[in-house]
Amino acid sequence: MADDYLVRIGKLIRDARQHRGWTQSQLAEALGTSQSAVNRIERGNQNISLEMIARIGEALDSEIVSLGYAGPMHLRVVGGRRLSGSIDVKTSKNACVALLCATLLNKGRTVLRRVARIEEVYRLLEVLGSIGVRTRWINDGVDLEIVPPAELDMAAIDAEAARRTRSIIMFLGPLLHRMDQFKLPYAGGCDLGTRTIEPHMIALRRFGLDITATEGLYHAQVSHDVSPGRPIVLTERGDTVTENALLAAARHDGATVIRNASSNYMVQDLCFFLEALGVRVDGIGTTTLTVHGVPNIDVDVDYSPSEDPVEAMSLLAAAVVTESELTVKRVPIEFLEIELAVLEEMGLDHDRSAEYVADNGRTRLVDLTVRPSKLEAPIDKVHPMPFPGLNIDNVPFFAAIAASAQGQTLIHDWVYDNRAIYLTDLNRLGGRLQLLDPHRVLVEGPTRWRAAEMMCPPALRPAVVVLLAMMAAEGTSVLRNVYVINRGYEDLAERLNSVGAQIETFRDI
Numbered sequence: 004m005a006d007d008y009l010v011r012i013g014k015l016i017r018d019a020r021q022h023r024g025w026t027q028s029q030l031a032e033a034l035g036t037s038q039s040a041v042n043r044i045e046r047g048n049q050n051i052s053l054e055m056i057a058r059i060g061e062a063l064d065s066e067i068v069s070l071g072y073a074g075p076m077h078l079r080v081v082g083g084r085r086l087s088g089s090i091d092v093k094t095s096k097n098a099c100v101a102l103l104c105a106t107l108l109n110k111g112r113t114v115l116r117r118v119a120r121i122e123e124v125y126r127l128l129e130v131l132g133s134i135g136v137r138t139r140w141i142n143d144g145v146d147l148e149i150v151p152p153a154e155l156d157m158a159a160i161d162a163e164a165a166r167r168t169r170s171i172i173m174f175l176g177p178l179l180h181r182m183d184q185f186k187l188p189y190a191g192g193c194d195l196g197t198r199t200i201e202p203h204m205i206a207l208r209r210f211g212l213d214i215t216a217t218e219g220l221y222h223a224q225v226s227h228d229v230s231p232g233r234p235i236v237l238t239e240r241g242d243t244v245t246e247n248a249l250l251a252a253a254r255h256d257g258a259t260v261i262r263n264a265s266s267n268y269m270v271q272d273l274c275f276f277l278e279a280l281g282v283r284v285d286g287i288g289t290t291t292l293t294v295h296g297v298p299n300i301d302v303d304v305d306y307s308p309s310e311d312p313v314e315a316m317s318l319l320a321a322a323v324v325t326e327s328e329l330t331v332k333r334v335p336i337e338f339l340e341i342e343l344a345v346l347e348e349m350g351l352d353h354d355r356s357a358e359y360v361a362d363n364g365r366t367r368l369v370d371l372t373v374r375p376s377k378l379e380a381p382i383d384k385v386h387p388m389p390f391p392g393l394n395i396d397n398v399p400f401f402a403a404i405a406a407s408a409q410g411q412t413l414i415h416d417w418v419y420d421n422r423a424i425y426l427t428d429l430n431r432l433g434g435r436l437q438l439l440d441p442h443r444v445l446v447e448g449p450t451r452w453r454a455a456e457m458m459c460p461p462a463l464r465p466a467v468v469v470l471l472a473m474m475a476a477e478g479t480s481v482l483r484n485v486y487v488i489n490r491g492y493e494d495l496a497e498r499l500n501s502v503g504a505q506i507e508t509f510r511d512i
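In this text, residue positions in the sequence shown follow the working numbering: the first is 4, and each later residue adds one.
Shown next, in the form of structure tokens:
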């Protein structure tokens with residue numbers, strides 16, 4: 004039994020080292036030992052103390068063994084199984100986190116229906132609770148009630164929770180109306196390379212917000228006499244940048260014009276919510292938004308976020324790579340039309356129902372049935388564009404789909420600095436992906452997937468893509484430390500199991 008533990012710990016250390024991109028020599032240097040000692044440790048051929056395990060974990064920034072509390076969650080996947088039946092799409096992760104930030108605009112009670120119970124939401128709730136906002140799950144834990152205090156206690160903010168979510172950046176827009184100065188921890192979230200907040204600052208300076216960054220904190224000063232006298236032109240058509248500008252404009256007295264705005268799904272949901280708060284927004288769904296601000300918002304509001312098109316794409320991709328017939332219900336079709344057009348070009352066999360309306364009364368939904376298809380690589384490269392183009396978060400799923408198709412597919416993920424690199428993790432599962440540069444991957448299909456044990460990529464969508472490939476691979480795979488998946492998906496393993504997958508969650512010794 005002791006030898007078995009040594010082998011398991013050795014594999015954990017090896018995977019963590021490889022995921023860090025280190026050689027055995029580099030790890031040995033960090034530990035002050037020899038490369039041969041590291042080699043023996045990774046093969047389970049050397050006794051190892053808890054102190055050494057802790058030192059290795061610190062060097063690799065990866066928890067190897069957990070003591071005294073539940074450690075990282077892992078997934079054990081028995082692949083090669085066909086999916087069948089139907090599965091509903093959950094509400095949008097990105098809409099829910101934006102709406103939670105938007106509740107800071109309102110002095111009244113907010114109820115959000117069917118909120119995604121994901122780690123990103125939990126982190127924001129921890130932050131909100133730490134500054135005095137009262138939140139509770141109601142209606143058997145399905146809906147979320149949010150009641151703000153008269154005054155926010157920013158000095159008590161839960162910095163650790165805040166640093167684990169990039170969504171904290173969307174506190175800037177609401178907070179600039181509530182105080183003269185405040186501090187926020189640096190934004191965290193997925194490891195997707197350098198993502199500057201300068202576009203946010205350019206937009207929010209027009210409302211009097213000035214920020215300096217020191218010692219892991221954003222120090223904000225607000226000049227309340229500053230007002231945007233002309234249209235705000237966003238330097239990047241980003242979703243969170245647009246949302247921050249909307250949140251700042253919502254309580255600005257007068258009309259604010261925002262140009263080069265994102266018209267993506269979460270932005271539209273935020274606009275619908277602002278209208279429920281009494282803020283008129285003209286141009287929803289376009290790149291020019293006019294916000295008629297209301298300086299004082301004190302209403303009791305009840306709102307239902309719409310379904311998540313990226314989760315819908317995840318489920319469609321699961322059906323494609325496992326060669327299954329599956330019905331995905333409550334798909335927000337407006338935000339998947341380009342993706343479906345590309346899949347149709349590749350030869351996807353599918354049906355869609357008549358359209359019906361989401362619970363927010365605005366978003367158009369359909370049910371999609373996908374059947375096993377003989378796919379051909381698309382003629383053109385797969386690349387994202389701002390809505391109504393192919394969604395940036397849906398690009399990684401085309402890596403697994405292209406690996407299931409005949410021919411070569413070029414995927415160009417031009418937005419993020421290093422997300423394309425994580426897609427090459429599919430090679431561990433039998434994929435043939437060639438990294439051309441940090442943004443472009445050439446995918447050769449079809450693929451004979453094979454089982455493997457590996458660390459979860461630190462970016463949400465590539466992590467799910469690896470999971471889908473494991474579902475297609477014959478045999479048993481292990482995906483370690485899946486916290487990043489739990490950030491964006493609610494009970495994904497259990498829900499996939501409900502339609503025929505075999506995925507077991509477990510933790511280490």
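Where is the CB? At the ideal position from N, CA and C, for every residue including glycine.
* Identify which residue in 417, 259, 489 and 51 has its Cα closest to the Cα of residue 207. => Each of 417, 259, 489 and 51 was checked against the Cα of residue 207, and the nearest Cα belongs to 259.
* Span of the beta strand (DSSP E) holding residue 184? -> Where residue 184 is concerned, the enclosing beta strand (DSSP E) stretches over 184-188.
* Inter-stretch contact at 8 Å, needing at least 3 Cβ pairs: the segment 134-149 / the segment 260-275 -> By the Cβ test, the segment 134-149 is not in contact with the segment 260-275, since fewer than three Cβ pairs between them sit closer than 8 Å.
* Asked: With a CB to CB cut of under 7 Å and the five nearest residues on each side skipped, what residues in its chain are close to residue 239?
  -> So the qualifying residues of the chain are 202.
* Asked: Of all the alpha helix (DSSP H) runs that stay within the bounds of the segment 405-449, which reach a length of 4 or more residues?
  -> Runs found: 422-426.
* In angstroms, rounded to a whole number, what distance separates the CA positions of residue 131 and residue 396? -> Distance between the alpha carbons of residue 131 and residue 396: 27 Å.
* Asked: Going by the beta-carbon positions, is the gap between residue 454 and residue 150 smaller than 9 Å?
  -> No; because the gap between Cβ atoms is not below 9 Å, this pair is not in contact.
* C-beta atoms of residue 441 and residue 424 nearer than 9 Å -> Yes; because the gap between Cβ atoms is below 9 Å, this pair is in contact.
* Asked: Around the C-beta of residue 369, are 16 or more other C-beta atoms found within 10 angstroms, so that it is buried, or is it exposed?
  -> Answer is buried; the Cβ neighbour count reaches 16.
* Report yes or no: do three or more beta-carbon pairs, one from the segment 8-24 and one from the segment 36-51, lie closer than 8 Å? => Cβ pair count under 8 Å is three or more, so yes.
* What first and last residue would you give for the alpha helix (DSSP H) that runs through residue 465? -> In the DSSP annotation of this structure, the continuous segment of the alpha helix (DSSP H) that includes residue 465 starts and ends at 463-475.
* Asked: What's the C-alpha gap between residue 349 and residue 410?
  -> Taking the straight line joining both Cα atoms gives about 11 Å.
* **Given residue 493 as reference, the closest of 36, 93, 282 and 484 once Cα atoms are compared** => For residue 493, the nearest C-alpha among the options comes from 93.
* What did DSSP end up calling residue 125 once you bin it into helix, strand or coil? -> In the three-state DSSP reduction, residue 125 falls in the helix class (H, G or I).
* To do: Rounded to whole angstroms, what's the CA-CA distance from residue 483 to residue 76? Just pull it up for me.
  => So the two alpha carbons sit approximately 7 Å from each other.
* **As assigned by DSSP and simplified to three states, the class of residue 335** => Looking at residue 335 - three-state DSSP - the assignment turns out to be strand.
* residue 456, enclosing beta strand (DSSP E) - first and last residue -> For residue 456, the enclosing beta strand (DSSP E) covers residues 456-458.
* Proximity of residue 100 and residue 123 at Cβ, strictly below 9 Å -> Remark: C-beta atoms of residue 100 and residue 123 approach each other more closely than 9 Å.
* Exposure label - residue 26; buried when at least 16 CB within 10 Å -> Classification of residue 26: exposed, given that the 10 Å Cβ count is below 16.
* In the segment 88-134, which residue ranges form an unbroken alpha helix (DSSP H) of at least 4 residues, counting only runs that do not cross its ends? -> DSSP assignment within the segment 88-134 yields the following whole alpha helix (DSSP H) runs of 4 residues or more, N-terminal first: 96-105 and 122-133.
* Could you give the DSSP three-state label for residue 505: helix, strand or coil? => Correct three-state label for residue 505: coil.
* **Residue span of the beta strand (DSSP E) that contains residue 233, given as start and end** => According to the DSSP assignment, residue 233 belongs to no beta strand (DSSP E), since it is labelled neither H nor E.
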